[in-house]
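54 is the number that full-length UniProt numbering gives to position 54 of the sequence shown; each next residue is one higher, with no gaps.
Each residue gets a CB set at the ideal place from its N, CA and C atoms; glycine is no exception.
As the structure is a computational prediction, the values presented were derived from the model and not from experiment.
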Amino acid sequence: MEYQTSIKNDNKFSNEGNQLSETWIPPNQNQYKINCCSAFDRGKGGIGVGIIIRNSKGEIMASSAQTIEASFSLKMRQLLAIKKSILFGMDCGLAPILVETNESSVVVKWLCDGSHKEFENGVILDEIANMMHVGNGIVVNNVSIMANMPAAVLAKEALKISEDTFWMEECPPFFNNLVMDDMPV
C-alpha cells in the first residue's frame with residue numbers, strides 16, 4: 001500500500017482529468033519528449049516498437065524502430081514500448097524526459113490500483129516505476145493516437161525490418177514529411 005501511495009503522490013504520470021492532446025506539442029525548453037507506440041503482427045506474432053525523441057524546437061534527437069520476436073498480451077506490448085522508450089532515452093543521455101504514448105493511461109491505472117502486482121505485468125511495471133524514480137525527471141503522459149502518429153507509423157514499419165534500427169539526430173527518410181507535418185506552426 002505504501003508503494004501505491006508513493007506512486008500516486010509522485011505525479012510522474014499524468015492523464016487523469018486531462019483532455020488528451022490531439023496534436024504534438026513541443027516539450028519545455030531543456031527537456032526532451034519521447035513519443036512511443038507498439039504494433040502487433042498477428043501473422044508472424046512479432047511486435048514493433050516505434051520511438052522518436054525531439055527537443056523543445058521539435059528537432060529530432062534520435063529515433064528507433066525495434067522488434068520483439070514474441071507474442072504478448074496487449075498490456076505487455078504497451079508496457080514494453082514504454083520501457084524500451086525510456087531505456088533508449090537514457091542510452092542517448094537525454095534528460096529530463098517526457099514520454100508520450102497513446103498507451104499509457106492503462107499504465108497509470110495499473111500502478112495506482114495495485115494491479116501492477118499481477119505476475120504477468122508486475123515485473124515490467126516495477127521496472128518502469130523504478131526507472132522513473134531513479135531517472136532524472138522522467139514523466140509519462142497519455143496522448144491521443146493523432147498526437148503520436150509518427151511513433152505509430154514507425155512501430156508498424158518496425159514489423160517489416162529484421163533487426164533493430166536506430167537513427168541519431170534524424171528519422172528514417174520514409175516518414176520525414178509525417179514528422180514535419182506533426183510540428184506546430
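Local Cβ density within 10 Å of residue i, reported as buried at 16 or more and exposed below that
i, result
"residue 57", "exposed"
"residue 79", "buried"
"residue 7", "Confidence in residue 7 is poor, its pLDDT being 38 and thus under 50, which makes the residue's placement too unreliable to answer from."
"residue 154", "buried"
"residue 77", "buried"
"residue 93", "exposed"
"residue 180", "exposed"
"residue 139", "buried"
"residue 134", "exposed"
"residue 182", "buried"
"residue 5", "Residue confidence is low: residue 5 scores 34 on pLDDT, short of 50, so the model does not pin down where it sits. Its coordinate-derived value is still stated next. Answer is exposed; the Cβ neighbour count stays below 16."
"residue 161", "exposed"
Beta-carbon separation (whole angstroms), residue i vs residue j, contact threshold 8 Å
i, j, result
"residue 62", "residue 53", "5 Å"
"residue 128", "residue 86", "7 Å"
"residue 46", "residue 38", "Wrong, their Cβ atoms sit about 11 Å apart, outside the cutoff."
"residue 124", "residue 83", "6 Å"
"residue 100", "residue 141", "5 Å"
"residue 175", "residue 150", "6 Å"
"residue 95", "residue 43", "No, residue 95 and residue 43 are not in contact; Cβ-Cβ is about 38 Å, not under 8 Å."
"residue 171", "residue 51", "Their Cβ separation, rounded to whole angstroms, is 10 Å, which puts residue 171 and residue 51 out of contact at 8 Å."
"residue 121", "residue 75", "5 Å"
"residue 41", "residue 178", "The Cβ separation is near 21 Å, so there is no contact."
Residue(s) in a DSSP beta bridge with residue i
i, result
"residue 67", "48"
"residue 166", "64"
"residue 98", "33, 139"
"residue 53", "34, 62"
Local conformation of residue i per DSSP, three classes
i, result
"residue 77", "helix"
"residue 176", "helix"
"residue 155", "helix"
"residue 141", "strand"
"residue 85", "helix"
"residue 38", "strand"
"residue 161", "coil"
"residue 25", "coil"
"residue 20", "coil"
"residue 105", "helix"
"residue 122", "helix"
Same chain, Cβ closer than 6 Å to residue i, five either side skipped, listed in chain order
i, result
"residue 71", "45"
Cβ shell of residue i (< 7 Å), same chain only, five flanking positions each side left out
i, result
"residue 22", "144, 146, 147"
"residue 89", "32, 34, 53, 97"
"residue 163", "none"
The ligand GDP heavy atom lying under 7 Å from the CB of residue i
i, result
"residue 96", "Annotation note on the ligand GDP: not contained in the displayed structure, which lists no ligands."
Same chain only: Cβ atoms within 8 Å of residue i, ignoring 5 sequence neighbours per side
i, result
"residue 152", "37, 39, 50, 102, 145"
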